[in-house]
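Note that the working numbering has the sequence shown beginning at 4, numbered continuously upward.
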Amino acid sequence: MPSNNGDLSQLEQKIGHSFQNRKFLSTALTHSSYANEVKRGVVCNERQEFLGDAVLSIVVSDYIFRHYSHLPEGELTKIRASLVCEKSLCQFARSIGLGDYLVLGKGEEQMGGRLRPSILADAFEALIAAIYLDSGMEAAAEFVLPFVKPELDNHGSRVYKDYKTTLQEIIQKNPEEQVSYVLVDESGPDHDKRFKVEVHLNSNVIGTGAGRSKKEAEQMAAREALELMGE
């Protein structure tokens with residue numbers, strides 16, 4: 004294995020993790036184009052990429068589950084998808100200059116592989132796996148969350164808001180107006196309940212929502228009301 008273009012110690016400083024076993028780091032940085040070109044038992048990062056994708060999903064899912072407790076499953080899925088997509092992962096990789104450390108085949112190097120979004124995103128996932136294999140889930144989470152949290156902070160107020168709170172803040176501007184939530188339907192067995200809720204402004208229905216819990220249904224009703232109000 005040749006030395007990478009960048010110094011591995013420098014990369015360790017950037018990511019805040021000193022590897023006990025640098026083999027995991029070297030593998031994370033080795034693209035399949037190099038492994039196919041050199042042969043001789045060189046291992047590329049594809050398997051670690053597979054594992055890193057799963058670790059990333061767990062870390063992100065756990066964080067948003069705990070910090071966005073008012074959101075239903077569908078909304079959480081959208082948030083996770085926006086954070087683990089190629090575009091986001093490529094940005095994360097570029098922020099630490101990961102492309103400088105990749106080991107590429109000659110052809111891929113000549114074609115600008117160090118800048119290719121798919122290669123950068125895959126290498127970032129492989130790097131997550133390297134940290135996980137080296138030091139466990141807690142270390143992997145400590146690496147991932149500083150990238151994820153700013154994205155949530157930047158977009159959370161617009162995309163991932165608490166619809167009930169937002170609606171209440173708008174209605175409170177008119178003290179004579181009152182918002183209430185009314186359960187209008189409940190169906191399904193105990194292990195798979197479905198609830199339907201209406202949100203009323205005084206006596207008028209301004210939104211309807213459904214969910215697996217009353218809380219989720221209320222949030223969906225408030226979201227519909229906000230959409231109808233152009234918010």
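Glycine included, every Cβ here is placed at the ideal spot set by N, Cα and C.
As the structure is a computational prediction, the values presented were derived from the model and not from experiment.
Coil, strand or helix - residue i by DSSP
i, result
"residue 99", "coil"
"residue 64", "helix"
"residue 46", "coil"
"residue 161", "Any answer about residue 161 is weak, because its pLDDT of 47 lies below 50 and its placement is not dependable; what the coordinates show is given next. Note: residue 161 maps to helix in three-state DSSP."
"residue 1", "A query on residue 1 cannot be resolved here, the shown segment of the chain reaching from 4 to 234 and no further."
"residue 8", "In this prediction, residue 8 scores a pLDDT of 43, lower than 50, which makes its location untrustworthy; no coordinate-derived value is stated."
"residue 203", "strand"
"residue 115", "coil"
Supposed contact pair residue j and residue i - C-beta distance, whole angstroms, cut 8 Å
i, j, result
"residue 30", "residue 13", "Contact doesn't hold; Cβ gap of about 18 Å is too wide."
"residue 101", "residue 126", "6 Å"
"residue 104", "residue 32", "5 Å"
Where the alpha helix (DSSP H) containing residue i begins and where it ends
i, result
"residue 125", "120-138"
"residue 196", "Looking at the DSSP string, residue 196 is not in any alpha helix (DSSP H), and its letter there is neither H nor E."
"residue 41", "35-41"
"residue 166", "166-174"
Pair within 8 Å by beta-carbon distance, residue i and residue j
i, j, result
"residue 170", "residue 213", "no"
"residue 48", "residue 129", "yes"
"residue 203", "residue 187", "no"
"residue 196", "residue 211", "no"
"residue 83", "residue 63", "yes"
"residue 37", "residue 108", "yes"
Endpoints, beta strand (DSSP E) assigned at residue i
i, result
"residue 186", "182-190"
"residue 233", "Taken as a continuous stretch (DSSP letters only), residue 233 belongs to no beta strand (DSSP E), as it is neither H nor E."
Cβ-heavy atom distance, residue i to the ligand FMN, below 7 Å
i, result
"residue 114", "Among the ligands in the structure shown, none appear at all, so the ligand FMN cannot be discussed."
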